[in-house]
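Asks:
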Amino acid sequence: MEILSTILLKVIAPVFVLIGAGAMMHRIFNLNLSTLSKLLTYYFLPVVAFINVYDSQMTGDMFFIIVIVQLLAAAVMAGISSGLSRLLKLNRGMDATFKNSVVLMNSGNYGVPVSQLVFQAQPVGVAVQVIVMIIQNLITYTYGLYNSLSARHGGTKAIREFLKMPVLYALLLGLVLKSLDIRLPFFIMEPVERSADAFLAIALLALGAQVAFIKIGKINKVIIASCIGRLLMGPAVSLCIIFLLGLDGIVAQALFIASSFPSSRNSAQFALEYNNYPEMGGQIVLVTTALSALTVTLAVYVSKLIF
């Protein structure tokens, strides 16, 4: 119980303090969400991806394992969400939003900051989360976009959107420089490292601003099913895959914790953009984010017990 309370106070509480601060600031000052999003997408996330891969002990085998675990977990969760959708007898628009909310998780401006707090002295743990974030972006702009678009428009646009993500190229640059053992000069590394340090606060403030005006209506069966699928079934599936592949140590811990994060804000964004029950999409993001205070705490605790 003492360990659980320590995790809650030292890892989860700081996350929600910043989320709350972001929500409050947005309600008072009406922050420019588009600018915040661009700063995170085109500067801070690429910087964090680069520095954590560049400074980590990540190997090619480790990278391959992370990709395999993520793709297997996404495939299983896609099947589970499809089955739940049939049981709930959802129409096409609700079906798309529901499945995206279960499969897609907030690995960027929620997952990376949490990993930075959990693995402060272990850069490999953060590097694993960065790779998870990259794979989640791939899944988002393929599977997620396909769910929201018609089949005849999904493929080309999905690939084009994914290739626009600068975090992908930052990751590749970090891998190349690390493999060639090229050390960057101080005047480059210093601003990169300082920017990476700022990511945690800015990402969580932005997340708070994004959910500041979302209102929770009646908690219906779709929201409940989405919470169960994303926050309970997601970690359970990942744990089975981790055991099946015989993984252990920091990598296993990071992968299990990564599976416990709430629904991605992109699932709500797609719902809004393509008019697939956007209010429901936003409510699911807010509810799963709030409940993740408990589920992520448990995931961190369990990961330290079994790995």
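According to the working numbering, the sequence shown holds residues 3 to 309 in order.
Backbone N, C-alpha and C define an ideal beta-carbon position, used for all residues, glycine too.
Since the model is a prediction, treat every value here as computed from it, not as a measurement.
#1: Alpha carbon to alpha carbon, how far is Ser18 from Val178?
#2: What did DSSP end up calling Ser261 once you bin it into helix, strand or coil?
#3: Could you tell me the boundaries of the alpha helix (DSSP H) in which Ala203 lies?
#4: Where does Met27 fall in DSSP's three states?
#5: Would you check if the distance between the CB atom of Val298 and the CB atom of Phe263 is smaller than 8 Å?
#6: Considering only C-alpha positions, which residue in the set Phe52, Ala292, Ile67 is nearest to Leu249?
#7: From the DSSP output, which residues share a beta bridge with Met107?
#8: Since Val289 contacts Ile218 with CB under 8 Å, what's their CB separation in whole angstroms?
#9: With distance defined between alpha-carbon atoms, name the residue in Leu42, Leu33, Gly22 nearest to Val169.
#10: If you check the beta carbons only, do Ser228 and Ser265 fall under 8 Å apart?
#11: On the three-state DSSP scale, how would you describe Asp313?
#12: Say whether the region 234 to 248 touches the region 265 to 279, bearing in mind that this needs 3 or more beta-carbon pairs closer than 8 Å, one atom from each stretch.
#13: Output yes or no for whether 8 Å exceeds the beta carbon distance between Gln118 and Leu11.
#14: Give the DSSP-derived three-state secondary structure of Asp57 in the structure shown.
#15: Please go through the region 224 to 300 and give each complete alpha helix (DSSP H) segment of 4 or more residues, from N-terminal end onward.
#16: Would you call the region 63 to 83 and the region 123 to 135 touching, i.e. three or more CB-CB distances under 8 Å?
#17: So, for Gly236: in the same chain, excluding its five sequence neighbours on each side, which residues have a beta-carbon less than 8 Å away from its beta-carbon?
#18: Output the distance between the C-alpha atoms of Ala172 and Thr142, rounded to the nearest integer angstrom.
#19: What are the start and end residues of the alpha helix (DSSP H) that includes Lys40?
#20: Between which two residues does the alpha helix (DSSP H) carrying Ala129 extend?
#21: So, are the CB atoms of Ser87 and Phe100 less than 8 Å apart?
#22: Going by DSSP in three states, Gly176 sits in which element: helix, strand or coil?
#23: If you reduce the DSSP assignment to three classes, tell me which class Gly219 lands in.
Replies: The short version:
#1: Here residue 18 is taken as the residue at index 16 of the sequence shown, counted from 1. Here residue 178 is taken as the residue at index 176 of the sequence shown, counted from 1. Inspection of the sequence shows that residue 18 is occupied by Phe rather than by Ser. Cα to Cα, Phe18 sits roughly 36 Å from Val178.
#2: To locate residue 261, count along the sequence shown from 1; it is residue 259. Here Ser261 sits in coil by DSSP.
#3: Here residue 203 refers to the residue found at position 201 of the sequence shown. First-last of the alpha helix (DSSP H) with Ala203: 188 to 213.
#4: Your numbering for residue 27 matches position 25 in the sequence shown. Helix.
#5: Within the sequence shown, the letter at position 296 stands for residue 298. Within the sequence shown, the letter at position 261 stands for residue 263. Their beta carbons are under 8 Å apart, which means Val298 touches Phe263 by this criterion.
#6: Along the sequence shown, one-based indexing puts residue 249 at 247. That would be Ile67, whose Cα lies nearest to the Cα of Leu249.
#7: Taking the sequence shown and counting its residues from 1, one reaches residue 107 at position 105. In the DSSP output, where bridge partners are listed per residue, Met107 has Ser265.
#8: On the sequence shown, position 287 is the one that residue 289 refers to. On the sequence shown, position 216 is the one that residue 218 refers to. Correct: roughly 6 Å between the Cβ atoms.
#9: On the sequence shown, position 167 is the one that residue 169 refers to. It is Leu42 whose Cα lies nearest to the Cα of Val169.
#10: To locate residue 228, count along the sequence shown from 1; it is residue 226. To locate residue 265, count along the sequence shown from 1; it is residue 263. The answer is yes: Cβ separation under 8 Å.
#11: For residue 313 there is no data in the structure shown, the boundaries of the chain being 3 and 309.
#12: no
#13: Walking along the sequence shown from the start, residue 118 turns up at place 116. Walking along the sequence shown from the start, residue 11 turns up at place 9. No, the Cβ-Cβ distance between Gln118 and Leu11 is not below 8 Å.
#14: Numbered from 1 along the sequence shown, position 55 holds the residue referred to as residue 57. In the structure shown, Asp57 falls within a helical segment according to DSSP collapsed to helix, strand and coil.
#15: 236 to 246, 251 to 260, 267 to 275
#16: yes
#17: Residue mapping note: residue 236 aligns to position 234 of the sequence shown, counting from 1. The residues are Ala75, Met79, Val104, Met107, Ser261, Ser262.
#18: Here residue 172 is taken as the residue at index 170 of the sequence shown, counted from 1. Here residue 142 is taken as the residue at index 140 of the sequence shown, counted from 1. Going from the Cα of Ala172 to the Cα of Thr142 covers about 18 Å.
#19: Here the question's residue 40 lines up with position 38 in the sequence shown. Unbroken alpha helix (DSSP H) run through Lys40: 35 to 41.
#20: Here residue 129 is taken as the residue at index 127 of the sequence shown, counted from 1. Counting along the chain, the alpha helix (DSSP H) containing Ala129 begins and ends at 125 to 141.
#21: Within the sequence shown, the letter at position 85 stands for residue 87. Within the sequence shown, the letter at position 98 stands for residue 100. The answer is yes: Cβ separation under 8 Å.
#22: In the sequence shown, residue 176 corresponds to position 174, counting from 1. Reduced to three states, the DSSP call for Gly176 is helix.
#23: The residue you call residue 219 lines up with position 217 of the sequence shown. Residue state, collapsed to three classes: coil.
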